[in-house]
Each structure stands twice: as structure tokens, then as C-alpha cells.
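Heads up: the sequence shown begins at 14 in this note's numbering, then just goes up one per residue.
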Amino acid sequence: MRLLISYFFGPDAIPLGRSLAEAARALGHEVDCFDSQPEPWTHQYLAKHLVRIGRSVVPGCEHWLPGSSAWVRNRRLTARVAAFRPEVILVLLGNSFRPGLVRSLAQRHGVKATIGWWVKDTACQVRERSLVNEFTHFASIGTWRTESGIAHLSAIAADTVRFRPASRPQARDLPLVFVGGWNRRRDPFFRAIADLPLHLYGPHWTKQGFADHHMAEALWGDDLLDTLHRTQVAINVSSFDQGHGAGAGANHRLLDVALCGTLLLSEWSPEVERIYGDLTSEISFRTPAELRHRATALLADPVRCAALALAMQHRAAAQPNYRDLVQRVLALVPPAAKP
Numbered sequence: 014m015r016l017l018i019s020y021f022f023g024p025d026a027i028p029l030g031r032s033l034a035e036a037a038r039a040l041g042h043e044v045d046c047f048d049s050q051p052e053p054w055t056h057q058y059l060a061k062h063l064v065r066i067g068r069s070v071v072p073g074c075e076h077w078l079p080g081s082s083a084w085v086r087n088r089r090l091t092a093r094v095a096a097f098r099p100e101v102i103l104v105l106l107g108n109s110f111r112p113g114l115v116r117s118l119a120q121r122h123g124v125k126a127t128i129g130w131w132v133k134d135t136a137c138q139v140r141e142r143s144l145v146n147e148f149t150h151f152a153s154i155g156t157w158r159t160e161s162g163i164a165h166l167s168a169i170a171a172d173t174v175r176f177r178p179a180s181r182p183q184a185r186d187l188p189l190v191f192v193g194g195w196n197r198r199r200d201p202f203f204r205a206i207a208d209l210p211l212h213l214y215g216p217h218w219t220k221q222g223f224a225d226h227h228m229a230e231a232l233w234g235d236d237l238l239d240t241l242h243r244t245q246v247a248i249n250v251s252s253f254d255q256g257h258g259a260g261a262g263a264n265h266r267l268l269d270v271a272l273c274g275t276l277l278l279s280e281w282s283p284e285v286e287r288i289y290g291d292l293t294s295e296i297s298f299r300t301p302a303e304l305r306h307r308a309t310a311l312l313a314d315p316v317r318c319a320a321l322a323l324a325m326q327h328r329a330a331a332q333p334n335y336r337d338l339v340q341r342v343l344a345l346v347p348p349a350a351k352p
């Protein structure tokens, strides 16, 4: 099958797209990766200001304004589909395209199926619903009623190639680590542990009073892996609210950290309960006070920390991998519609 995947493929993007592409190739598919993330200099210096003004008058004007990020993205996708001639287009959202573009490209170039997959958050958004008719098949990491036409598809899978234990023992010299940016939802959790040995990697922390804990604006690739190998307890606080159905609050840290052999202390979600079972009471929290209580207890007991990390590693490695996820994605397309 010739499969075009649209998502973020830059060095500063989560590896979801790359992991899917590698797994699809391993399954024998021919894959082309379309990076929808780059912004042209014309957008940075001019178009974004015009878009900001224009949106208040004409919603969606960014798709029609020459030089804007969306306008360039639409043109790039049009050229890529014409050159690659995919049989299936998979768009991870994220960034979207001009209304009707994917549908018209599929008709023009004989694409058999188009799949839209909302992976940005689990919230029930009006924008998400408006995208459904842009594709022949649509899925979301959130849960919808059956009659909505939106299938539930979790994006959580085990990437045991990219996330793996250290090749030799590492000193766990970073007691508490969080990788991700500051936002209002996360703020009270980290204020509750601001007096603990906390290391923060991500944007916006310094201006919010966490300068003493801030280590870097970003952490990717081998640097991320090295940091996780040196971490005693890695913290996971979702950037979006719980309570939107199965998998609410779940993200890739749920498996990636544990696969590295590092203990993950995560905000509770149904996915945490499903994956880690009876360990959940020790490795999850629901409130800032619970985060402080768990973190303090774990740092005081490095032997228990190591035992939990090992148990979590085994359970994470037993989860479906990206080959399984690719097969679940393609199963959205009925057999009669497949190439």
C-alpha cells in the first residue's frame, strides 16, 4: 500500500509520526512523510499579522492568504500528493488544511481512502466535529457516541526501539524531572513540589517563577533519552483536562518513560489504570497534594523506586507496539475500500 502520513516530522516534534511511518514500512507499506509543521519566513514576518487581523472578519482566511503558513502548507500537500500518488492519506491533526482540499486531492489522484485522526487532545471540540466530513474515515483519541461517525483510537503504543533502557548503568542524579511546557493547568501541581529537587525542561517556566528549577527550553532525541536514564522519578501532568472519556489525560509519556527503565509518577487517567494495574496507587496522583505526597515518599525510598521502575518497564513493553497501531489505523478502512 502507498501511504502518505501528514504530521510533524521535525527534530523538535514528538516521534508519533516517525514511529508510525517506521512501523508501516516494516509491515511492507510504501510510506511518504509530509511534515506539516514548518512555517515559511513570509508567515513569520508578515502573514501571521495579517491572519490575526483577518480572522476577526473572515474565519479561515489563513488558507487563502499567500505566504501564510496554512497557504504554503496547502500548496505543499497538493504537490506531494500529485508526486507520490498515495492510495491512502492519513492526516494526524494537529494542523489542518483548507476545507475540501484533502477530499478534492483524493478525487483528482485516485486516492482510495482518507483518514483523519485527531490526536491533539481528548476534548469534544466544535472544530473537531467540523473536520469529520473532510475525510472518508475519522478517529479521535477522545471518546464519542457511535452515531457521531468518530471512532475512538488511542495513540498510545510502545516504541521499544526509540525508548529503551541505558546500555550501561547510569547514576540517577536527577531526582525529579518534568519535560514539557508551563501552562495554567500544570502550574498548581508544580508549585506544590517547588521546594523539592525538581528539574524542568520546556518553555515558559522562567517567567512563572520557576527559574531555579528550569534547565532548558526543550529536550529531544538522544538528549531526552540521556536525561530519562539519569532520572529517579519522571513526572507526568497532562496539559488538558481530565473527564473527557476513555484515555482522558493520557499521552505518550505513559509508556515512553517506563520503557527507558525510569519510574513514571503520572497524573491518574483510565489509561494509567489499564496499563499499570495494581501499581497505580503508588505511581499516580489526582491532586497537587497527592503529587507532593507520592513524590516525597518515592524519593525517600530509592529501593522501592527501582522496583517500581522495573515492574513498569515490563508492563509498558507488553503493550501493543506501533505495528499494532498501524494495523488498527488501517482497519478503520473497510476491506472493500482498501487498495
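Even glycine gets a Cβ: it sits at the ideal position worked out from N, Cα and C.
What you are looking at is a predicted structure, and each value in this text was computed from that prediction instead of being measured.
Distance between residue j and residue i (C-alpha atoms, nearest Å)
{"i": "T309", "j": "P99", "result": "52 Å"}
{"i": "A271", "j": "S153", "result": "25 Å"}
{"i": "M325", "j": "Q340", "result": "25 Å"}
{"i": "T293", "j": "S167", "result": "20 Å"}
{"i": "P348", "j": "E35", "result": "23 Å"}
{"i": "P28", "j": "E286", "result": "24 Å"}
{"i": "D236", "j": "N249", "result": "18 Å"}
{"i": "E284", "j": "A170", "result": "11 Å"}
{"i": "T219", "j": "N196", "result": "12 Å"}
{"i": "A344", "j": "F298", "result": "35 Å"}
{"i": "M228", "j": "Q120", "result": "49 Å"}
{"i": "H122", "j": "G23", "result": "27 Å"}
{"i": "G290", "j": "H42", "result": "35 Å"}
{"i": "D48", "j": "D314", "result": "44 Å"}
{"i": "G260", "j": "Q221", "result": "With a pLDDT of 45 at G260, under the threshold of 50, the modelled position of that residue is not reliable, and the figure given next carries that caveat. Those two C-alpha atoms are separated by around 29 Å."}
{"i": "A164", "j": "L106", "result": "14 Å"}
CB contact flag (residue i, residue j, <9 Å)
{"i": "F94", "j": "F148", "result": "It is Val, not Phe, that sits at residue 94 in the sequence shown. Their beta carbons are not under 9 Å apart, which means V94 does not touch F148 by this criterion."}
{"i": "I21", "j": "N146", "result": "At residue 21 the sequence reads Phe, which differs from the Ile that was named. Contact flag unset, no."}
{"i": "F202", "j": "F223", "result": "no"}
{"i": "G193", "j": "R199", "result": "yes"}
{"i": "I296", "j": "L323", "result": "no"}
{"i": "Q245", "j": "L144", "result": "no"}
{"i": "L189", "j": "H212", "result": "yes"}
{"i": "L304", "j": "L278", "result": "yes"}
{"i": "D134", "j": "S252", "result": "yes"}
{"i": "T91", "j": "A330", "result": "no"}
{"i": "A207", "j": "H226", "result": "yes"}
Contacts around residue i, its chain only, beta-carbon distance under 6 Å, and the 5 residues preceding and following it disregarded
{"i": "I102", "result": "L17, V124, T127"}
{"i": "D269", "result": "F176"}
{"i": "A179", "result": "H242"}
{"i": "L276", "result": "V246, C318, L321, A322"}
{"i": "H56", "result": "A caution first: H56 carries a pLDDT of 49, below 50, which makes its placement in the model unreliable, though a value can still be read off. Answer for H56: S81, S82, listed in chain order."}
First through last residue of the alpha helix (DSSP H) which encompasses residue i
{"i": "V104", "result": "Per DSSP, V104 belongs to no alpha helix (DSSP H); it is in the beta strand (DSSP E), 101 to 106."}
{"i": "G30", "result": "29 to 39"}
{"i": "L118", "result": "114 to 122"}
{"i": "N87", "result": "82 to 97"}
{"i": "A310", "result": "301 to 312"}
{"i": "H285", "result": "Before going further, note that residue 285 is Val rather than His in the sequence given. Here the alpha helix (DSSP H) through V285 covers 283 to 289."}
{"i": "S294", "result": "293 to 296"}
Unbroken beta strand (DSSP E) run spanning residue i, endpoints
{"i": "D48", "result": "43 to 48"}
{"i": "P333", "result": "Unbroken run through P333: none, as it is neither H nor E."}
{"i": "T149", "result": "Premise fails: T149 is in no beta strand (DSSP E) and is neither H nor E."}
{"i": "I128", "result": "126 to 131"}
{"i": "R185", "result": "That residue, R185, is in no beta strand (DSSP E); it is neither H nor E in DSSP."}
{"i": "R15", "result": "15 to 20"}
Contacts around residue i, its chain only, beta-carbon distance under 7 Å, and the 5 residues preceding and following it disregarded
{"i": "N87", "result": "H76, F110, R111, L114"}
{"i": "A37", "result": "L16, V44, V339"}
9 Å Cβ cutoff, residue i in contact with chain C
{"i": "D134", "result": "Absent here is chain C; the protein component of the structure consists of one chain."}
Beta-carbon proximity list for residue i, same chain, < 8 Å, skipping 5 on both sides
{"i": "V342", "result": "L33, L103, I128, W130, A152, L166"}
{"i": "D25", "result": "A231, W233"}
{"i": "L40", "result": "R336, V339, Q340"}
Residue i Cβ short of 8 Å to the ligand FAD heavy atom set
{"i": "S143", "result": "The model on display carries no ligand, and the ligand FAD is accordingly not part of it."}
- Any chance you could list the alpha helix (DSSP H) runs of at least 4 consecutive residues sitting entirely within the region 198 to 275, in chain order? 200 to 204, 234 to 242, 266 to 272
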